[in-house]
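Chains as they are written, first to last, in the numbering used here: chain X, 1 to 353; chain H, 354 to 629.
Every residue, glycine too, gets a C-beta built ideally from N, C-alpha and C.
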Amino acid sequence: MAKVQFIKAADVKPWLAELAKEHRVFAPSYDGEALLFRPFDPAREIVLDRAATMPPKKTVFPQSEQLVDFTYSKDPEDLSRIKIDARETLPSGSTVVFGSRPCDVRGFTMFDRVYLTEKTTDIYYKARRDNTLFITLACASIENTCFCNWVDSDPCDSTGSDVLAIPVSGGYLLETVTDRGGKLLSSKLLVDGESKKEEAEKFCEEVAGALGAARDLSQAPEKLLAVFDNMEFWDEVSAKCLSCGACTYLCPSCYCFNITDETIGMKGKRLRSWDNCMSAQFTMEASGHNPRPTKAHRLKNRVGHKFSYYPAIHGGVTSCCGCGRCIKSCPAGIDIREIVLKAIDFKPAAVEE
Amino acid sequence: MTKNIYLPEMATIQEVIRETHNIMTFRVTLNNPEAMKNFSFKPGQVGQVSSFGTGEATFVINSPPTRMDYLQFSVMRAGEVTGKLHTLKAGDQIGVRAPLGNSFPYEDMKGKDIVFIGGGIGMAPLRTLLLFMLDNRADYGKITLLYGARSPVDMAYSYELPDWLGRDDLDTHLTIDAPYEGWQHRVGLIPNVLLDIAPSPENSVAVTCGPPIMIKFTLQALEKLGFKDEQIITTLEKRMKCGVGICGRCNIGTSYVCMDGPVFTRAQLRQLPNEL
Ligand SMILES: Cc1cc2nc3c(=O)[nH]c(=O)nc-3n(C[C@H](O)[C@H](O)[C@H](O)COP(=O)(O)OP(=O)(O)OC[C@H]3O[C@@H](n4cnc5c(N)ncnc54)[C@H](O)[C@@H]3O)c2cc1C
Ligand code: SF4
Ligand code: SF4
Ligand code: FES
Chain X
1 MAKVQFIKAA DVKPWLAELA KEHRVFAPSY DGEALLFRPF DPAREIVLDR
51 AATMPPKKTV FPQSEQLVDF TYSKDPEDLS RIKIDARETL PSGSTVVFGS
101 RPCDVRGFTM FDRVYLTEKT TDIYYKARRD NTLFITLACA SIENTCFCNW
151 VDSDPCDSTG SDVLAIPVSG GYLLETVTDR GGKLLSSKLL VDGESKKEEA
201 EKFCEEVAGA LGAARDLSQA PEKLLAVFDN MEFWDEVSAK CLSCGACTYL
251 CPSCYCFNIT DETIGMKGKR LRSWDNCMSA QFTMEASGHN PRPTKAHRLK
301 NRVGHKFSYY PAIHGGVTSC CGCGRCIKSC PAGIDIREIV LKAIDFKPAA
351 VEE
Chain H
354 MTKNIYLPEM ATIQEVIRET HNIMTFRVTL NNPEAMKNFS FKPGQVGQVS
404 SFGTGEATFV INSPPTRMDY LQFSVMRAGE VTGKLHTLKA GDQIGVRAPL
454 GNSFPYEDMK GKDIVFIGGG IGMAPLRTLL LFMLDNRADY GKITLLYGAR
504 SPVDMAYSYE LPDWLGRDDL DTHLTIDAPY EGWQHRVGLI PNVLLDIAPS
554 PENSVAVTCG PPIMIKFTLQ ALEKLGFKDE QIITTLEKRM KCGVGICGRC
604 NIGTSYVCMD GPVFTRAQLR QLPNEL
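Here it is as structure tokens:
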């Protein structure tokens with residue numbers, strides 16, 4: 001095992017400043033009320049005592065990203081003809097994200113199973129994913145919306161990360177997770193962390209214990225399908241939903257997108273932008289028919305996709321990382337945990353005709 | 354290098370055919386001769402066609418893989434992209450991402466009698482398979498075609514109909530919804546005409562595409578005639594964007610129409626959650 005290192009809390013900023021010479025560095029800091037992953041700026045305070053309002057999803061999957069760039073021009077050989085050149089626009093450069101949470105980073109592993117398969121590779125996603133490194137901070141601030149332990153994770157989970165930082169007295173213990181992560185740990189600001197290992201282990205035990213008991217979701221895929229046609233069930237759980245989409249927008253593992261074109265004069269671009277299944281437009285067909293006509297159908301898809309369809313396709317893995325942002329941010333107070341548990345506990349007898 | 358699944362091949366419109374007041378057919382070739390030469394697809398597969406600056410929309414390649422002088426798309430005007438495509442003319446440039454999706458199980462259909470039932474623009478996917486089978490005629494048994502539209506002027510591929518009607522290896526029936534001056538063929542809704550023609554389900558496969566309401570009653574008619582769910586094939590028209598199973602738009606439960614479809618047997622559709 002690679003040796004562990006230690007960094008003093010006061011040295012974090014200088015270290016990030018060193019990393020920023022080679023990489024784009026993002027760290028959580030306030031933008032008004034919102035705690036966001038923002039480009040490293042030595043003048044800004046880095047906030048590590050709570051999870052960010054938005055996950056660092058956009059570092060790998062920008063909210064809006066250019067796929068193709070095209071230009072129109074007159075064909076010199078026949079001026080009545082318009083020529084079109086279309087070129088791909090791949091991202092370049094490397095990024096380091098500091099202070100992501102284990103749940104945030106695990107979200108990308110949900111993307112990976114869809115964007116990087118044997119059959120198809122999304123080269124835009126791959127270009128960013130391959131060049132974005134995560135220095136993840138183990139969670140000291142467990143909230144009542146946190147449930148990462150329900151979905152096979154824990155506050156010290158390093159899955160998908162490159163370095164795991166664990167809070168210890170005076171600073172952070174830094175564990176190498178991947179080789180490329182190890183390369184980030186060559187700074188003179190870091191010292192041997194061996195003596196702090198025990199403290200870090202204790203920390204991880206404690207925070208894991210601070211989470212409530214995990215609920216068993218192994219029945220969820222099947223039970224959610226069992227209530228698929230029970231629209232009474234879905235009408236009830238979605239009654240207060242405003243279809244605002246905040247839940248999917250803030251979700252580290254929601255990966256759906258739309259593709260649209262924009263043109264100005266003779267130039268244009270094809271963009272992909274975050275989209276979500278809570279929107280009525282999402283599935284509207286040309287004939288005017290919409291297979292998911294009500295918010296109940298759409299909420300059913302969100303819960304179903306995460307806790308039933310995705311696990312059915314991807315070896316039982318739930319497409320939810322348990323960060324709880326959808327619960328915390330829902331203006332209608334909808335709690336996805338309650339819906340899943342309700343489906344699991346649902347007795348068909350209760351719907352007697 | 355890994356292929357960029359979002360970058361369309363540039364293509365040139367060779368010919369535009371105005372089929373009906375709201376359907377136009379585009380015959381296109383890929384600009385890169387190598388790409389055109391190596392282009393291969395199976396009947397039933399679709400393409401994302403771009404008008405750059407407006408966007409992409411999904412259309413079935415309705416020329417058969419046995420006739421590769423051009424790729425043909427028939428476009429019914431429905432909104433932005435289809436509206437823009439309708440303004441294009443021969444020589445104009447478009448983008449094509451194809452082939453996408455699965456295909457008709459034409460191998461498994463060998464040796465069987467085939468019944469095609471198409472309504473309106475739903476004739477497009479059937480045309481691919483029909484011409485493919487006519488080009489491989491010996492592989493298939495009796496082929497019956499029932500093609501219906503609201504009125505004669507709503508019938509796409511009208512210039513091909515005399516040939517289809519004249520062939521003795523194809524049993525063609527045309528129908529329109531209501532009487533129309535000069536119309537020499539059947540009058541009546543597709544499901545009713547189907548019951549009247551009453552093709553035998555014995556060693557047969559029925560392939561049907563069309564508007565949702567027509568499909569609904571055609572499936573009932575086929576059932577009445579004794580066609581089992583495994584003998585009925587149709588296509589779904591879920592909204593698609595990426596076409597490659599990533600953007601998350603086209604799922605019905607665990608099935609992604611862009612990858613697992615658009616072609617399904619009725620038996621397969623029954624396995625899906627009820628969200629058509
Ligand atoms: C597998 C498949 C094969 C198809 N084959 C053909 C064909 O051969 N010929 C043909 O004319 N049409 C076909 N369609 C339908 C065609 O894709 C839509 O009519 C077209 O995308 C509408 O685009 P638009 O920009 O003009 O409409 P928009 O302006 O985007 O919207 C108009 C309406 O169409 C809906 N819509 C938008 N995009 C789609 C979409 N991709 N699929 C369904 N509805 C959509 C919108 O929600 C809206 O209700 C097919 C669709 C699918 C999924
Ligand atoms: S929950 Fe909805 S928006 Fe999120 S990944 Fe699943 S289908 Fe896409
Ligand atoms: S955040 Fe709440 S109100 Fe908004 S779409 Fe999601 S479930 Fe509905
Ligand atoms: S169209 Fe994108 S997943 Fe099917």
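Hey, does residue i have any beta-carbon neighbour from chain H nearer than 8 Å?
i         : result
Phe257(X) : yes
Pro14(X)  : no
Tyr249(X) : no
Ala140(X) : no
Lys240(X) : no
Glu381(X) : This structure gives no information on residue 381(X), because the portion of chain X shown stretches from 1 to 353.
Lys83(X)  : yes
Leu190(X) : no
Asp261(X) : yes
Under 8 Å between C-beta atoms, does residue i make it to chain X?
i         : result
Gln425(H) : no
Gly614(H) : no
Gly472(H) : no
Gly448(H) : yes
Val597(H) : yes
Lys395(H) : no
Ala364(H) : no
Pro626(H) : yes
Gly494(H) : no
Ile358(H) : yes
Asn556(H) : no
Thr355(H) : yes
Leu629(H) : yes
Thr607(H) : yes
Classify residue i as buried or exposed, calling it buried when 16 or more other Cβ atoms lie within 10 Å of its own Cβ.
i         : result
Pro386(H) : exposed
His526(H) : buried
Arg128(X) : buried
Met508(H) : buried
Arg325(X) : buried
His355(X) : An answer regarding residue 355(X) cannot be provided, because it is not within the stretch 1 to 353 covered by chain X.
Arg371(H) : exposed
Asp122(X) : buried
Tyr609(H) : buried
Met266(X) : exposed
Val12(X)  : buried
Arg420(H) : exposed
Gly170(X) : exposed
Could you tell me the alpha carbon to alpha carbon distance between residue i and residue j, rounded to whole angstroms?
i         : j         : result
Asp154(X) : Thr145(X) : 14 Å
Gly245(X) : Gly464(H) : 51 Å
Thr117(X) : Gly598(H) : 10 Å
Ser243(X) : Ala296(X) : 10 Å
Gln446(H) : Lys591(H) : 26 Å
Ala138(X) : Trp274(X) : 28 Å
Met1(X)   : Asp130(X) : Residue placement at Met1(X) is flagged as unreliable, the pLDDT there being 45, under the threshold of 50; the coordinate-derived value follows with that caveat. Distance between the alpha carbons of Met1(X) and Asp130(X): 23 Å.
Val163(X) : Thr176(X) : 5 Å
Glu628(H) : Ile7(X)   : 54 Å
Cys600(H) : Gly304(X) : 16 Å
Glu353(X) : Gly579(H) : Note that Glu353(X) scores a pLDDT of 49, beneath 50, so its modelled location is shaky; the value from the coordinates is reported in the next line. Cα-Cα distance, rounded: 33 Å.
Phe392(H) : Gly315(X) : 34 Å
Within 8 Å of any Cβ in chain A, is that where the Cβ of residue i sits?
i         : result
Cys562(H) : This model lacks chain A altogether, as its protein chains are X and H.
Item checked: Stretch pair the region 407-427 of chain H + the region 437-452 of chain H: three plus CB contacts closer than 8 Å -> yes
Checklist line | Stretch pair the region 529-538 of chain H + the region 553-561 of chain H: three plus CB contacts closer than 8 Å | finding: no
Note to self: Under 8 Å, CB to CB, which of the residues in the region 267-297 of chain X have a partner in chain H?
What the structure shows: Gly268, Arg270, Arg272, Asp275, Cys277, Phe282, Thr283, Met284, Glu285, Ala286, Ser287, His289, Pro291, Arg292 and His297
Check: Of the residues that make up the region 333-352 of chain X, which ones have a beta carbon closer than 7 Å to any beta carbon in chain H?
Finding: none
Check: If we count Cβ pairs, one from each stretch, closer than 8 Å, do we get three or more for the region 430-443 of chain H versus the region 394-414 of chain H?
Finding: yes
Note to self: Across the region 218-227 of chain X and the region 336-346 of chain X, are there enough close Cβ pairs to call them in contact, namely three or more that are closer than 8 Å?
What the structure shows: yes
Check: Taking any Cβ of chain H, which residues in the region 94-123 of chain X have a Cβ under 7 Å from it, in chain order?
Finding: Val114, Tyr115, Thr120, Thr121, Asp122 and Ile123
Next item on the list: Give, in chain order, every residue of the region 569-584 of chain H whose Cβ lies closer than 7 Å to some Cβ of chain X.
Entry: none
Check: If you measure beta-carbon to beta-carbon, which residues of the region 54-76 of chain X are closer than 7 Å to chain H?
Finding: Leu67, Val68 and Phe70
Item checked: Contact set between the region 300-332 of chain X and chain H, restricted to residues whose Cβ is under 9 Å from the partner -> Lys300, Asn301, Gly304, His305, Ser308, Tyr309, Tyr310, Ala312 and Ile313
Check: the region 214-236 of chain X: which residues have C-beta closer than 7 Å to a C-beta of chain H, in chain order?
Finding: Leu225, Phe228 and Asp229
Item checked: Proximal residues, the region 384-418 of chain H versus chain X, C-beta separation under 7 Å -> Phe405, Gly406, Thr407, Gly408 and Glu409
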